[in-house]
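Have a look at the structure below, then the notes.
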Amino acid sequence: MSGGYRQQPGSPGKVTRKDGKRVAGKQAFPPPGSGGSKPTMAPRDLDFIPELVGGREAQPAGAHVHDRARTGTSVGKPTALVDSNAKVTGQAWYGDDVRLANEVIGKILRSPHHYARIKSIDTSKVEALPGVLAVATGADSPHQFGVLPVTKDEHAMAVDKVRHVGDLVASVAAVDEATAMAALNLFEVEYEVLEPVFDPKKGLEDVDEPIHWRGKYHLARTNVQKRVFQEFGDRSLVQKPLASSHGKWKMAGVHHGFTEPHAVVAHWGPNGRLQLYTPQQVPHYTHRALATVLDVPMHQINVIRTFVGGGFGGKSDPFPHEMCAAILSRKAGRPVRITFDREEVYWINRGRHPSHIEVKMTADDDARISGFDIDALIDGGGFASFGHVTSYYNGVLATAPYELGSFHYTGARVWTNKPASGAMRGHGAVNTRCAVEVGLDEMADQMKVDPMDLRLANLLPPHSRTISGFRITSNGMREALEKVREGSQWDTKFRQMPLGKGIGIGCGFFISGSGLPIHWDPNRFPHATVHIQVDMDGGVTVHTGAADIGQGSTTAIAQVVSEVLALPLEMIHVKCHESDTSPVDLGSYSSRVTFMNANAAIRAALEIREQLLKAAWEILGYHPNNLVLNDRRIYYKHDPAIGTSYLKALHKAQEDKGALIASGAYRSPPMGGVHKGAAAGLAPAYSFSAYVAEVDVDVETGMIKCTKVWAAHDCGKALNPLAVKGQIIGSCHMGLGQVLSEKMVYGRTGHLQNPNLLDYKIPSVHEMPHVEPIIVESCDPEGPFGAKEAGEGPLLPILPAVVNAVYDAIGIRLRDLPLTPDVVFKGIEKGMKAAGVDDPLDLAPPRVEHGELQPLLVKRAAEHKIRDQARQRSEDTSPYVNGVLFGFDPNIPLEDQVEGWRMATEPDPEQLAALGLAGKAWLKKEQRHMGGDE
Amino acid sequence: MVGTEHVEMIPVAKKEIWSAEVNGRPVEVLAPSNAILLDVLRDKVGTLGVKRGCDLGTCGCCSVLIDGTPRLSCLCLAGQVEGSSIITVEGLSEGAHLAPIQSCFAEYGGSQCGFCTPGFLVTAQALLNENNNPSDKEVANAIEGNLCRCTGYQQIVESIQAAAAIHRGEVEPAAPASDPHPDPHPTGPEEPQMPPGHAR
Chain A
5 MSGGYRQQPG
15 SPGKVTRKDG
25 KRVAGKQAFP
35 PPGSGGSKPT
45 MAPRDLDFIP
55 ELVGGREAQP
65 AGAHVHDRAR
75 TGTSVGKPTA
85 LVDSNAKVTG
95 QAWYGDDVRL
105 ANEVIGKILR
115 SPHHYARIKS
125 IDTSKVEALP
135 GVLAVATGAD
145 SPHQFGVLPV
155 TKDEHAMAVD
165 KVRHVGDLVA
175 SVAAVDEATA
185 MAALNLFEVE
195 YEVLEPVFDP
205 KKGLEDVDEP
215 IHWRGKYHLA
225 RTNVQKRVFQ
235 EFGDRSLVQK
245 PLASSHGKWK
255 MAGVHHGFTE
265 PHAVVAHWGP
275 NGRLQLYTPQ
285 QVPHYTHRAL
295 ATVLDVPMHQ
305 INVIRTFVGG
315 GFGGKSDPFP
325 HEMCAAILSR
335 KAGRPVRITF
345 DREEVYWINR
355 GRHPSHIEVK
365 MTADDDARIS
375 GFDIDALIDG
385 GGFASFGHVT
395 SYYNGVLATA
405 PYELGSFHYT
415 GARVWTNKPA
425 SGAMRGHGAV
435 NTRCAVEVGL
445 DEMADQMKVD
455 PMDLRLANLL
465 PPHSRTISGF
475 RITSNGMREA
485 LEKVREGSQW
495 DTKFRQMPLG
505 KGIGIGCGFF
515 ISGSGLPIHW
525 DPNRFPHATV
535 HIQVDMDGGV
545 TVHTGAADIG
555 QGSTTAIAQV
565 VSEVLALPLE
575 MIHVKCHESD
585 TSPVDLGSYS
595 SRVTFMNANA
605 AIRAALEIRE
615 QLLKAAWEIL
625 GYHPNNLVLN
635 DRRIYYKHDP
645 AIGTSYLKAL
655 HKAQEDKGAL
665 IASGAYRSPP
675 MGGVHKGAAA
685 GLAPAYSFSA
695 YVAEVDVDVE
705 TGMIKCTKVW
715 AAHDCGKALN
725 PLAVKGQIIG
735 SCHMGLGQVL
745 SEKMVYGRTG
755 HLQNPNLLDY
765 KIPSVHEMPH
775 VEPIIVESCD
785 PEGPFGAKEA
795 GEGPLLPILP
805 AVVNAVYDAI
815 GIRLRDLPLT
825 PDVVFKGIEK
835 GMKAAGVDDP
845 LDLAPPRVEH
855 GELQPLLVKR
865 AAEHKIRDQA
875 RQRSEDTSPY
885 VNGVLFGFDP
895 NIPLEDQVEG
905 WRMATEPDPE
915 QLAALGLAGK
925 AWLKKEQRHM
935 GGDE
Chain B
884 MVGTEHVEMI
894 PVAKKEIWSA
904 EVNGRPVEVL
914 APSNAILLDV
924 LRDKVGTLGV
934 KRGCDLGTCG
944 CCSVLIDGTP
954 RLSCLCLAGQ
964 VEGSSIITVE
974 GLSEGAHLAP
984 IQSCFAEYGG
994 SQCGFCTPGF
1004 LVTAQALLNE
1014 NNNPSDKEVA
1024 NAIEGNLCRC
1034 TGYQQIVESI
1044 QAAAAIHRGE
1054 VEPAAPASDP
1064 HPDPHPTGPE
1074 EPQMPPGHAR
């Protein structure tokens, strides 16, 4: 090592005192950069190095751009979450665990009315109460905010109107909770009660007082927040179907049910900067909203994300209570803590939209899927939240994994006087996916074919385009289907089990990171940025804004950095809590974190690695191409004895410049079409999944028990198989809750009846079946080491799998979720009437005898399998667009191929007469087209 | 908290000295006579590892061991357990040595977001104290009062079974992560051991 800084590792054993004490300056501590307790270099783990770069890890999908960055250190190995020790010792700090000196307690006054105009608020009695330090009302927060820039319709506290029971009216900060609660009684609020709307169907009608007013863009005087129309393909294909399915679905709203209630601590420091501690999935959006609402520049706010006790989309909005805490703290001059009780969690909601979904689908003579016709009316509650996007997702995320002849979607999201719906795991895709998959099952029955083969013979291949123009890269759908078919012994069970026992299949398709950053042009700023800093001690500090909500994103980022630099995981320290120190990150939603942040982290780590290798080149005299990184050491690839330690190389690299610093960014490639709404559903990669579920149905009571699930999910490459399996099983749990027991119950008077965990039925350990998680690795060409998402997609297939299994068990199609015993038994009674039997035990379970189409499908599936394998390995790089199955030439633009091929985002005048429920929103005109000019 | 009429707080209760042994340490705090144990533990004693999830006894996040029995601290008046020995999640480990149940939850994915974890840990510890060879059914019965939204319970059951194996002595417990260097090696990878048979 050359001159300059030289760290003394010390050498115990040489100099010891007789009394056994250590000699000053010669302590026995491991040399810096040595990784602490592991003194010997671990052998190179060839099992985790891809075969194309000399390892033994199989690569059925071919080479990956990150192969050379693999060192076999931690990617692909089951890894405990890096913060798990904090969690198991009770030291993880969640929102309510932030206790600042001198704190005061904030409480929120909530609306008792569904819909009312606030005429006046008298706070004088509150202010007079001893112990009250600050009072705030809507007058303190005139600025609107919202998670999407296009739909900012929320206030910190109600201005003018309250829009649902539980809407925020005012807030108060007092020395303790009892005083704050007492203060709430002293507000004198005068309301003028307005006519509320609860039924989303009524939301399509004109009313005197729409819940929000959008000026010239408002749709007549309705409560429609967003309407969508999309049509692609050749609608003439649906004219003479061989099989068709028509299902009308009613799906109840569900809540995320995370265990940690919302909590926030706001503290305006003595320097006039705001520190806000909040369990947030999207701290950056909160940051932006705070700046708007409080009228201070963003750099005067430091948003500190605490540990998040479960998010699932429920903590991915900037929330009004966060603004309240900040406003109160500004007034009180002391830290303010607001913690929700469980009931308040339901008032803020943002759960899955209650939906009315109608799906018509057809198949042609060759059992090709000639058309999807989806109509989704979703109940948005009082605010927009993510609803703009949800309205699109309900349709566009059904355009894959199948090859479609045509696609027609009408959707509408309406405001109602209920707590706002928003994003929840599987955002927007879950309900329609369930309807679509059940429809396919029904068509398979009509065609006398196995639904598994129907799917296998109609899949889009890897590296193709969907009918709406989404770019699919890696695609493990086929493998997932084959694996669950084999694992569940499908062929010996389907349609062969006795009454009350059933098996069903469902598939899923989900985005792996939203292709467009909400707040900026993707060409100007990247999606994600990660900074890495390595100082003399050898520890690697990684700064990222990625919000770990329990899914293990921090671990994933630590893993990829550890992999690239060949350092043990303990040497990687991820700093991701503070907006002051982390680069801007959009947060944890749309399953983007692993894909985007890990990609950025790899880029930054590669830059560090390059500097280390250059330094090793100077020390060893071998070109970096001939050097190998392995466990804190860099050596000549043909002779491991010729090498240098990581630390020596690091210190060499640090000469003259100190700490090594690198920044990496990820930006999605340009994608997508130009039609209105083309950006919704765009993603740099998509995940695929297939589940088979087995159920027991008690035909005498209608009770359903899911007994076993085989769950195959294509996550590209499992960076951490332990976490991926956890996500798959956890998704099953959440999906099972939605399909079997969970429901937000609104009574006749529009009140939410079950805002607590006792009446809102989350499955307990006894309701969980055994889940067999199966990881499918299709190795995405753009994913970090090939990885794609695994957090949301795995939820989708469980719903249709269970619904289809219930049909297999009792022969009755149920389309009213959740399938609680009363719903099921009503269905059974209907089935008994239709079958003319008096005893439910006499019902006949469905049976199938394969028709002449079955061998045709099996043959086509086999041909497509060969096609897919070639495309997956990029041997066949010819373009493939949706429609090739219908005889289209992928080299010619689709609209030029068939007379009737069209792409439309607005209905034709003649279509207006035949629109579905949500489509009726297109019968209305916007104010600007009605002469209204407000 | 919705509605114009809020229930008046119970007239200010008299504050009394509440004493108990929390995690082996005698504790004396001033608390209202009607205080809930959960509030006392979080706000007065400072054991913030005890989590508040629902206030209704439905989620199990606030479970603590009271004289060895798992109980929900949100449904328990502090006065009821005056003088008892209370173990929270903070009291499970022995110094830097995590209890087997803790290290297994980390290692087997029993903890994702971690909010329900303290409740699961003390409940599972109570089970293992009585039965170090539980069947999956017995494990499920023990944790049926705890809700977890992340894991789907499967990896929790696996973690508890792995911890049971350590309790039975079949598996060695893991070394504590915070133990700096159980086998200090001064040379470190500066002079690594080469693969066997390799000529220096």
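Top to bottom, those sequences are chains A and B.
Each residue of the first sequence is one higher than the one before, starting from 5 at the first, in the numbering used here.
Each residue of the second sequence is one higher than the one before, starting from 884 at the first, in the numbering used here.
Even glycine gets a Cβ: it sits at the ideal position worked out from N, Cα and C.
Look up residue i in the DSSP assignment and say whether it is helix, strand or coil.
{"i": "glycine 150 (chain A)", "result": "coil"}
{"i": "asparagine 306 (chain A)", "result": "strand"}
{"i": "glutamate 781 (chain A)", "result": "coil"}
{"i": "methionine 884 (chain B)", "result": "Below a pLDDT of 50, predicted positions are generally treated as unreliable, and methionine 884 (chain B), at 47, falls in that range; the measurement from the model is reported next regardless. Coil at methionine 884 (chain B), not helix or strand."}
{"i": "lysine 618 (chain A)", "result": "helix"}
{"i": "glycine 40 (chain A)", "result": "Residue placement at glycine 40 (chain A) cannot be trusted, given a pLDDT of 46 that sits under 50; what the coordinates show is reported in the next sentence. Looking at glycine 40 (chain A) - three-state DSSP - the assignment turns out to be coil, as it is neither helix nor strand."}
{"i": "glutamate 326 (chain A)", "result": "helix"}
Could one say the Cβ of residue i lies closer than 8 Å to chain B's Cβ atoms, at least one of them?
{"i": "glutamine 555 (chain A)", "result": "yes"}
{"i": "serine 768 (chain A)", "result": "yes"}
{"i": "lysine 30 (chain A)", "result": "Any reading at lysine 30 (chain A) needs caution, since the residue's pLDDT is 41, under 50, leaving its predicted position unreliable; the model's value is listed next. Chain B contact via Cβ: absent."}
{"i": "glutamine 915 (chain A)", "result": "no"}
{"i": "threonine 93 (chain A)", "result": "yes"}
{"i": "arginine 932 (chain A)", "result": "no"}
{"i": "leucine 503 (chain A)", "result": "no"}
{"i": "alanine 727 (chain A)", "result": "yes"}
{"i": "valine 775 (chain A)", "result": "yes"}
{"i": "aspartate 345 (chain A)", "result": "yes"}
{"i": "asparagine 895 (chain A)", "result": "no"}
Just mark residue i as buried or exposed, buried being the case when its beta carbon has 16 or more other beta carbons within 10 Å.
{"i": "glutamine 1 (chain A)", "result": "Chain A is shown from 5 up to 938; residue 1 (chain A) falls before or after that span and cannot be answered."}
{"i": "glutamate 965 (chain B)", "result": "exposed"}
{"i": "glutamate 899 (chain A)", "result": "exposed"}
{"i": "leucine 241 (chain A)", "result": "buried"}
{"i": "tyrosine 221 (chain A)", "result": "exposed"}
{"i": "alanine 306 (chain A)", "result": "It is worth fixing the name first, because residue 306 (chain A) is asparagine in this sequence and not alanine. Buried, because 16 or more other Cβ atoms sit within 10 Å of the Cβ of asparagine 306 (chain A)."}
{"i": "serine 410 (chain A)", "result": "buried"}
{"i": "glutamate 567 (chain A)", "result": "buried"}
{"i": "tryptophan 926 (chain A)", "result": "buried"}
Taking C-alpha atoms, which residue in the options lies nearest to residue i?
{"i": "glutamate 1021 (chain B)", "options": "B:Val964, B:Arg1032, B:Ala1007", "result": "B:Ala1007"}
{"i": "alanine 694 (chain A)", "options": "A:Lys452, A:Asn479, A:Ser249, A:Arg239", "result": "A:Asn479"}
{"i": "valine 108 (chain A)", "options": "A:Val179, A:Phe149, A:Ser878", "result": "A:Val179"}
{"i": "lysine 709 (chain A)", "options": "A:Lys505, A:Glu131, A:Gln229", "result": "A:Lys505"}
{"i": "tyrosine 650 (chain A)", "options": "A:Asp541, A:Cys736, A:Val749", "result": "A:Asp541"}
{"i": "threonine 881 (chain A)", "options": "A:Met428, A:Gly887, A:Arg871", "result": "A:Arg871"}
{"i": "leucine 857 (chain A)", "options": "A:Pro530, A:Leu624, A:Ala865", "result": "A:Ala865"}
Any beta carbon from chain A within less than 8 Å of residue i's own beta carbon?
{"i": "leucine 1100 (chain B)", "result": "Any question about residue 1100 (chain B) goes unanswered here, given that chain B covers just 884 to 1083."}
{"i": "valine 910 (chain B)", "result": "no"}
{"i": "cysteine 999 (chain B)", "result": "yes"}
{"i": "arginine 954 (chain B)", "result": "no"}
{"i": "threonine 1006 (chain B)", "result": "no"}
{"i": "glutamate 977 (chain B)", "result": "no"}
{"i": "glutamate 1021 (chain B)", "result": "no"}
Can a CB atom of chain C be found closer than 8 Å to the CB of residue i?
{"i": "cysteine 736 (chain A)", "result": "Going by chain labels, chain C is absent from the structure shown, which instead holds the protein chains A and B."}
Discussion item. By the 9 Å beta-carbon criterion, what residues does the region 1027-1046 of chain B contribute toward chain A?
Written reply: Glu1027, Gly1028, Asn1029, Leu1030, Cys1031, Arg1032, Cys1033, Thr1034, Gly1035, Tyr1036, Gln1037, Gln1038, Ile1039, Val1040
Worksheet item: Between the region 306-327 of chain A and chain B, which residues of the former have a C-beta closer than 9 Å to a C-beta of the latter?
Response: Phe311, Val312, Gly313, Gly314, Gly315, Phe316
Item to complete: Anything in the region 67-97 of chain A with a Cβ closer than 9 Å to a Cβ of chain B? List those residues in chain order, please.
Response: When C-beta distances to chain B are compared with 9 Å, the residues of the region 67-97 of chain A below that value are Pro82, Ala84, Leu85, Asp87, Ser88, Asn89, Ala90, Lys91, Val92, Thr93, Gly94, Gln95, Ala96, Trp97, in chain order.
Discussion item. What are the residues in the region 246-275 of chain A lying within 8 Å of chain B by C-beta distance?
Written reply: Along the region 246-275 of chain A, going in chain order, the ones with a CB nearer than 8 Å to a CB of chain B are His260, Gly261, Phe262, Thr263, Glu264, Pro265.
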